[in-house]
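First residue of the sequence shown: 0, per numbering that gives the first Met the number 0; consecutive thereafter. Glycine included, every Cβ here is placed at the ideal spot set by N, Cα and C. First up is the structure itself, then whatever we jot down about it.
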Amino acid sequence: MKIIRAKDYKDMSRKAANIISAQVIMKPACVLGLATGGTPVGTYAQLIDWYNKGDLDFSEVTTVNLDEYRGLPRTHEQSYWYFMQKNLFEHVNVRPDHIHVPDGSNPDAEAACREYDQIIRDVGGIDLQLLGIGIDGHIGFNEPGEAFELGTHCVDLTESTIEANKRFFDGNEALVPRQAYTMGIKTIMQARKVLMVANGANKAEIIKKAFFGPVTPELPASILQMHPDFILVGDEEALSLV
Ligand code: GLP
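If you want it as structure tokens, here you go:
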């Protein structure tokens, strides 16, 4: 585990984008596992900036996103598909047929998850997986208590996650979907490199517990202590307790 300290959100985003761009430059046809949430937005903005300057080329890159709300079509403004289009894909030259996000509109959870695992296998696995962290320690939508050995599966979101994510649904908890399809911990652990971004004082406690406490399914991110190539880039506030 490697921890990189950044001064602030902008610095964290730049450092994370540097690691991602190194991956793309070293292996242009790489597979990037991507994440949603507020934290990686600055990282994507930095990548777009370097792309516009001609320093980055995504034409051979394949992307697989971590998760998607069950029941939201791609056109829904709060779907993770839509989020990725607006925050990254529309602004760079990733080929549309190289973009993969679990199909939240497929009501058949088992089929949707099976198909997604097959896609990840077909593209040869993930070279670099980007992650944020939920305040309860979830990664993707792997909530506390879930088995470490799962591939893509359907989860019931916890109250804490619904509460944290309602800010994206006009603050209305009733509009937040109750379930999601997410890559499992097994899928994430099989990525060749894992990069987590974390910022803000509200992440300090969980960062300390996840990476300086016991490895337990009760704190899903803690398993990353066992990953052979895990990098955490955090700002001063998120790393204030470690
Ligand atoms: C959601 C996403 C996670 C993300 C988390 C934290 O639950 N499924 O992938 O890490 O939110 O989001 P934020 O970065 O906004 O704190």
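Cutting at 7 Å between CB atoms, please list the residues of its own chain near Val40, excluding the five before and the five after it. Asn86
Delimiting residues of the alpha helix (DSSP H) encompassing Met188: 184-188
Touch test, the region 181-189 against the region 130-140, Cβ-Cβ under 8 Å, three pairs minimum: yes
With three or more beta-carbon pairs closer than 8 Å as the criterion, would you say the region 5-16 touches the region 45-55? yes
In three-state terms, what does DSSP make of Ala108? helix
Enumerate in chain order the residues of its own chain whose CB-to-CB distance from Ile2 is below 6 Å, with the five nearest sequence positions on each side excluded. Leu231
Could you spell out the range, first to last residue, of the beta strand (DSSP E) harbouring Asp261? It is not possible to answer for residue 261, since the shown part of the chain is limited to 0 through 241.
Is any heavy atom in ligand 1 found nearer than 7 Å to the beta carbon of Asn164? yes
Inter-residue spacing [alpha-carbon to alpha-carbon] between Lys207 and Glu89: 36 Å
Do you know how far the Cα of Ala209 is from the Cα of Cys220? The question names Cys, but residue 220 in the sequence shown is Ala. Answer to the nearest angstrom: the Cα atoms are 6 Å apart.
Is Met0 helix, strand or coil by DSSP? Under the three-state reduction of DSSP output, Met0 falls in the coil class, being neither helix nor strand.
Based on Cα-Cα distance, which residue from Gln189, Lys6, Ala237 lies nearest to Glu148? Here the closest residue by C-alpha is Gln189.
Selected residue, minimal CA-CA separation from Asp96, among Gly212, Ala200, Ala110, Ser58: Ser58
Among all residues, which have a Cβ less than 6 Å from at least one non-hydrogen atom of ligand 1, and in what chain order do they fall? Residues flagged by the Cβ proximity filter: Ala34, Thr35, Gly36, Gly37, Thr38, Leu65, Asp66, Gly131, Ile132, Gly133, Gly139, Phe140, Thr160, Asn164.
DSSP-derived helix/strand/coil call for Gln117: helix
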